[in-house]
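Student: Its first residue numbered 549, the sequence shown is counted upward by one per residue in our numbering.
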Amino acid sequence: MGIKRREFLGLTALGATGALLWQGCSLLRSRNSSPLAAPIPEIYRSEGGSLEINLEARYEDVILGGEPTRNMMTYNGQIPGPRLEVQPGDRLIIHFKNSLDQPTNLHFHGLHLSPEGNQDNVFLHIEPGETFHYELEIHPQQRAGTYWYHPHHHGFVAEQLFQGLAGLIVVRGDLDELPEIRATQEEFFVLQDFNRDRPPQGMMGSHMNLMAGREGNLITVNGLFHPEIAVTKDLVRLRLLNASPSRFYRLQLYGQKLMQIAGDGGAFSQPLERDELLLTPGQRAEVLIKTQDLPKTPIHLLNLPYQRTQMGMMGQQYNNATVAIADFTPSAQTFAPVQIPAQLISVEPLPEPSRTRRFTLNHGMVPGQGMAFLINGEAYRDQPQTTVRLNDVEDWEIVNTGTMDHPFHVHVNGFQVVSRNGVPEENIAWADTVLVRVGETVKIRIAFRDFAGKTVYHCHILDHEDLGMMGQLEILPAS
Ligand code: C2O
Ligand code: CU
Ligand code: CU
């Protein structure tokens, strides 16, 4: 049967769920037996205060999950796209070319940038064959963390991410400087799902799949199927991005606690111990794994089932089995022990708000349009639905009265979650995407700082966004 001994050992400990897991693993392994490896995404780092790159959105045949896959959408031929590393105060220049056959643009998810001109402007239409010069001024107070770039042309977003377009932007800073963090083995996991059975449009055309939000049957980590990561240090710093259009990842490191040290908007003030980590589309997290505590067998990073719709049959397809999406393979060597730091980077709570607004998420019928996803009863249109003033602090109550979970995302300014169903949030942290489950009310606090202009907030299940669950936010200059 070819079960390797180490796998067998890992599985006996799993008990009832073991069978499921094992099926998942063996399936993955047979696919992985292909000798083809995906190219490692290129890494570009700023030097002397700037980074200047060429970035082309183009079709390319790539190796995905160990198999040749034709005609995917890529940045510079890669899935995921190149990783960009900058520092606060840097200038990031991107000579962008659209070689797709549909319009696109770039959004810099999580970064505190101007929403206008040639910065984080999601209203740009970069047509097929056109080029565009992006010139971003990374804010001097930009929090260090894990951010990312992806297309944001309304109506095309889900499709373009599902075909591969996404890449990391890492801002280096204070967290990276802590001695314990410097001593870690740093790993980045970009989580994407794809549809193996081409053409995906056939299945995509299915109304139900679009309504729930498309998911593919191939889960990849950095474009790889179930990669094995060799441990080389006592502490592993795992930095995760959910770049899937709709899929939620409910992650568990088999037999281990996860120490989460950062979320969407950079470091927590203290590490938080977690049994599992739920990452909705758009969200990021960083966890530390103390490898000395691991048994000397490969440790599975599991993705557990998560039900994100309550629509009977429609929800069923997402009630997946538990599968391992990556393994950490311990070393026989012992490494110099590194302590998990007790204090990280302190997070200042935002001041009290001057007003509270309410956003109700649901779906419904729109005359002449059919089923649409709505915020406060309206589908997206190109005019401001919410107008705020620069320097104001507001509380936003996000209420989900529908039958599907919605991760709510705001551009340009990060926020802090204040409460969930009236229960105050204990961990004050910076975020830009927050899950609002069916029936929940989540209150977030947001300060509009530094940049006036128009931008958007939306559900980060990108089919929902494309189908209207987005609003325009106008930030007026301070009075
Ligand atoms: Cu990552 Cu408006 O999105
Ligand atoms: Cu965003
Ligand atoms: Cu949604």
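Even for Gly, the Cβ is constructed at its ideal location relative to N, Cα and C. Values in this document were obtained by computation on a predicted structure and should not be read as measured data.
What number of angstroms, rounded off, separates the C-alpha of A706 from the C-alpha of Y928?
Tutor: Taking the sequence shown and counting its residues from 1, the one referred to as residue 706 is at position 158. Taking the sequence shown and counting its residues from 1, the one referred to as residue 928 is at position 380. Spanning the two alpha carbons is a distance of roughly 15 angstroms.
Student: Using only alpha-carbon positions, find the residue among P853, F736, A884 and V895 that is nearest to I591.
Tutor: The residue given as residue 591 occupies position 43 in the sequence shown. Closest by alpha carbon: F736.
Student: Quick one: Cα of E734 to Cα of Q708, how far?
Tutor: As a working mapping, residue 734 is identified with position 186 in the sequence shown. As a working mapping, residue 708 is identified with position 160 in the sequence shown. Going by the C-alpha atoms only, they are around 28 angstroms apart.
Student: Consult DSSP for M621 and reduce its assignment to one of helix, strand or coil.
Tutor: Your numbering for residue 621 matches position 73 in the sequence shown. Three-state result, M621: strand.
Student: Any heavy atom of ligand 3 inside 6 angstroms of the beta-carbon of H954?
Tutor: Against the sequence shown, residue 954 aligns to sequence position 406. Flag set: Cβ of H954 near ligand 3.
Student: Using 6 angstroms as the cut-off, classify the Cβ of H702 as near or not near the heavy atoms of ligand 3, replying yes or no.
Tutor: Position 154 of the sequence shown, counted from the start, is the residue given in the question as residue 702. No, the Cβ of H702 stays beyond 6 angstroms of every heavy atom of ligand 3.
Student: Buried or exposed: which applies to K844, given that a residue is buried once 16 or more other Cβ atoms fall within 10 Å of its Cβ?
Tutor: If you number the sequence shown from 1, residue 844 lands on position 296. Exposed is the call here.
Student: Express the C-alpha separation of T839 and F921 in angstroms, rounding to a whole number.
Tutor: Locating residue 921 in the sequence shown gives position 373, where the first residue counts as 1. Locating residue 839 in the sequence shown gives position 291, where the first residue counts as 1. Using only the alpha carbons, I get a separation of about 44 angstroms.
Student: Counting beta carbon pairs with one atom in the segment 798-818 and one in the segment 887-903, are three or more of them shorter than 8 angstroms?
Tutor: These segments touch.
Student: If you check the beta carbons only, do Q740 and T768 fall under 7 angstroms apart?
Tutor: Your numbering for residue 740 matches position 192 in the sequence shown. Your numbering for residue 768 matches position 220 in the sequence shown. For Q740 and T768, yes; Cβs fall inside 7 angstroms.
Student: Would you call M756 buried or exposed, if buried means 16 or more other Cβ atoms sit within 10 Å of its Cβ?
Tutor: What you label residue 756 is simply residue 208 of the sequence shown in a count that begins at 1. Classification for M756: exposed.
Student: Which first and last residues belong to the beta strand (DSSP E) in which I642 is found?
Tutor: If you number the sequence shown from 1, residue 642 lands on position 94. Element bounds for I642: R639 to N646.
Student: Closer than 6 angstroms: is that where the CB of G962 sits relative to any heavy atom of ligand 1?
Tutor: Residue 962 sits at position 414 when you count from the first residue of the sequence shown. No, ligand 1 has no heavy atom inside 6 angstroms of this Cβ.
Student: What residue range is occupied by the uninterrupted alpha helix (DSSP H) comprising L727?
Tutor: By one-based count along the sequence shown, residue 727 stands at place 179. One detail in the question is off: residue 727 reads as Pro in this sequence, not Leu. Run containing P727: P727 to R730, per the alpha helix (DSSP H) assignment.
Student: Answer with buried or exposed for R691, where buried requires no fewer than 16 other C-beta atoms within 10 angstroms of its C-beta.
Tutor: Residue 691 sits at position 143 when you count from the first residue of the sequence shown. That one is buried.
Student: By the DSSP assignment, the beta strand (DSSP E) with M919 in it spans what residues?
Tutor: Taking the sequence shown and counting its residues from 1, the one referred to as residue 919 is at position 371. That run of the beta strand (DSSP E) goes G918 to I923.
Student: Leaving aside the five residues before and after I686 along the sequence, list all residues of the same chain whose C-beta is less than 8 angstroms from its C-beta, in chain order.
Tutor: Taking the sequence shown and counting its residues from 1, the one referred to as residue 686 is at position 138. So the list reads V634, Q635, P636, G637, D638, R639, L640, L659, L661 and V719, once near-sequence residues are dropped.
Student: Pull up the DSSP beta-bridge partners for Y607, would you.
Tutor: The count along the sequence shown starts at 1 and reaches residue 607 at position 59. Y607 pairs with M621.
Student: Whole angstroms is fine: what's the gap from S574's alpha carbon to Y854's?
Tutor: In the sequence shown, residue 574 corresponds to position 26, counting from 1. In the sequence shown, residue 854 corresponds to position 306, counting from 1. Here the model assigns S574 a pLDDT of 34, short of 50, so the residue's position is not dependable and the matter cannot be decided.
Student: Is H660 near ligand 1, with its Cβ less than 6 angstroms from a heavy atom?
Tutor: Here residue 660 corresponds to residue number 112 of the sequence shown, with the count starting at 1. Every heavy atom of ligand 1 is 6 angstroms or more from the Cβ of H660, so no.
Student: Can you list, in chain order, every residue whose CB sits closer than 6 angstroms to a heavy atom of ligand 2?
Tutor: Cβ-based neighbours of ligand 2 within the cut-off: H655, H657, H957 and H959.
Student: Which residues bound the beta strand (DSSP E) around H698?
Tutor: In the sequence shown, the residue the question calls residue 698 occupies position 150. It spans G693 to H698 - the beta strand (DSSP E) in which H698 sits, taken as one unbroken run.
Student: Should E728 and V966 be called a contact, given that it needs their Cβ atoms to be closer than 7 angstroms?
Tutor: The residue labelled residue 728 in the question sits at position 180 within the sequence shown. The residue labelled residue 966 in the question sits at position 418 within the sequence shown. The answer is no: Cβ separation not under 7 angstroms.
Student: Does the segment 663-675 touch the segment 999-1015, meaning 3 or more C-beta pairs lie closer than 8 angstroms?
Tutor: Yes, they touch.
Student: For H848, tell me which candidate among T877, E821, G830 and T828 has the shortest Cα-Cα distance.
Tutor: Looking up residue 848 in the sequence shown gives position 300. When each option's Cα is compared against that of H848, the closest is T877.
Student: Once DSSP output is grouped into helix, strand and coil, what is the label at F883?
Tutor: Along the sequence shown, one-based indexing puts residue 883 at 335. Residue state, collapsed to three classes: coil.
Student: Taking the C-alpha atoms as reference points, what is the distance between L783 and T934?
Tutor: On the sequence shown, residue 783 is found 235 positions in, with the first residue counted as 1. On the sequence shown, residue 934 is found 386 positions in, with the first residue counted as 1. Their Cα atoms are separated by approximately 45 angstroms.
Student: Kindly examine ligand 3 and report whether one of its heavy atoms sits closer than 6 angstroms to the Cβ of I946.
Tutor: Here residue 946 refers to the residue found at position 398 when the sequence shown is read from its first residue. Not so, every heavy atom of ligand 3 lies at least 6 angstroms from the Cβ.
Student: Can you tell me the Cβ-Cβ gap for E821 and M807, rounded? I've got them flagged as a contact below 8 angstroms.
Tutor: Position 273 of the sequence shown, counted from the start, is the residue given in the question as residue 821. Position 259 of the sequence shown, counted from the start, is the residue given in the question as residue 807. Their Cβ separation, rounded to whole angstroms, is 6 angstroms, which keeps E821 and M807 in contact under 8 angstroms.
Student: For the beta strand (DSSP E) that contains L827, what are its first and last residues?
Tutor: Within the sequence shown, residue 827 is the residue found at index 279, counting from 1. Taken as a continuous stretch (DSSP letters only), the beta strand (DSSP E) holding L827 covers L825 to L827.
Student: If you compare alpha carbons, which of G1016, M621 and A979 is closest to G813?
Tutor: In the sequence shown, counting from the first residue as 1, residue 813 sits at position 265. The candidate whose alpha carbon is nearest that of G813 is A979.
Student: Looking only at its chain, what residues have a beta carbon closer than 6 angstroms to the beta carbon of E675, apart from the 5 residues adjacent to it on each side?
Tutor: One-based indexing of the sequence shown puts residue 675 at position 127. Excluding positions up to five away in sequence, the list reads P651.
Student: Exposed or buried, R744, counting other C-beta atoms within 10 Å across all chains shown (16 or more means buried)?
Tutor: Within the sequence shown, numbered from 1, the residue matching residue 744 stands at position 196. So R744 ends up on the exposed side.
Student: Please classify T949: is it buried, with 16 or more other beta-carbons within 10 angstroms of its beta-carbon, or exposed?
Tutor: Within the sequence shown, numbered from 1, the residue matching residue 949 stands at position 401. T949 should be labelled exposed.
Student: Which same chain residues end up closer than 8 angstroms to P932 when comparing Cβ atoms and leaving out the 5 residues on each side of it in sequence?
Tutor: Against the sequence shown, residue 932 aligns to sequence position 384. Within the same chain, P932 has close Cβ partners K1002, Q1020, L1021 and E1022.
Student: Sorry if obvious, but does the Cβ on H1012 come closer than 6 angstroms to a heavy atom of ligand 3?
Tutor: Counted from its first residue, the sequence shown places residue 1012 at position 464. Yes, since a heavy atom of ligand 3 falls inside the 6 angstroms radius drawn around the Cβ of H1012.
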